[in-house]
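Beneath this line is the structure, given in structure tokens, with notes to follow.
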Amino acid sequence: MALLEQKEALVQRLLAAKAKSGKTYDQIAKEVGLTNAYTAQLFFNQAQLKSDTAPKLKAAVPDLSDADAEEMKKEPMRSFDPTIIQEPLIYRLNEAVMHYGRAIKDIVNEQQGDGIMSAIGFFMTVEKVKGKEGEPRVKIVFNGKFLPHVEQKVEDNVMEPVQ
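In this text, residue positions in the sequence shown follow the working numbering: the first is 277, and each later residue adds one.
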């Protein structure tokens, strides 16, 4: 079986175990001590399950097999199905980022300088909130480390060989 097919088979087993638990990502996240977004990433094999977190996850999701928990501890092949953009919620999220992208970039540059928000050391939460008229709203928080772009000076372009 090809790598991506193996990943999809694992994801289907993980989602089945979650469904049997009857719990939401929020509930599992609270029991395990992770953000809801990271917890969901675990079930889609987009994040690595750490050894000290595994027993908590198995307690929260009793039908999670030992073999699948071991697979979750391996470095995942972080990838996505390119057709996912066609899913309306994901399409609209992408559209919002594209629409606000230049404004977001300018604000980050004004506040932080020239650089990027890293997805390493990154936290994300998704919350259900109420609007001022009582309507349901979605609140997504991206919390990423700022990494400044560096001026590439010749004298700084040195490195020591790894021993």
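All C-beta atoms, glycine included, are put in the ideal place defined by N, C-alpha and C.
With fewer than 16 other Cβ atoms inside 10 Å of its own Cβ, LEU423 counts as exposed.
A distance below 6 Å between beta-carbons, with the five flanking residues on each side excluded, links GLU403 to the following residues of its chain, in chain order: LYS415. The region 324-334 makes no contact with the region 354-366, as fewer than three CB pairs between them are under 8 Å. If you look at LYS415, you'll find it isn't in any alpha helix (DSSP H); it sits in the beta strand (DSSP E) that goes 412-419.
One Cα belongs to THR315, the other to TYR301, and the distance between them is close to 6 Å. In the DSSP annotation of this structure, VAL337 is not part of any beta strand (DSSP E), being labelled neither H nor E.
In this structure, the alpha-carbon of LEU369 lies about 14 Å from that of MET400.
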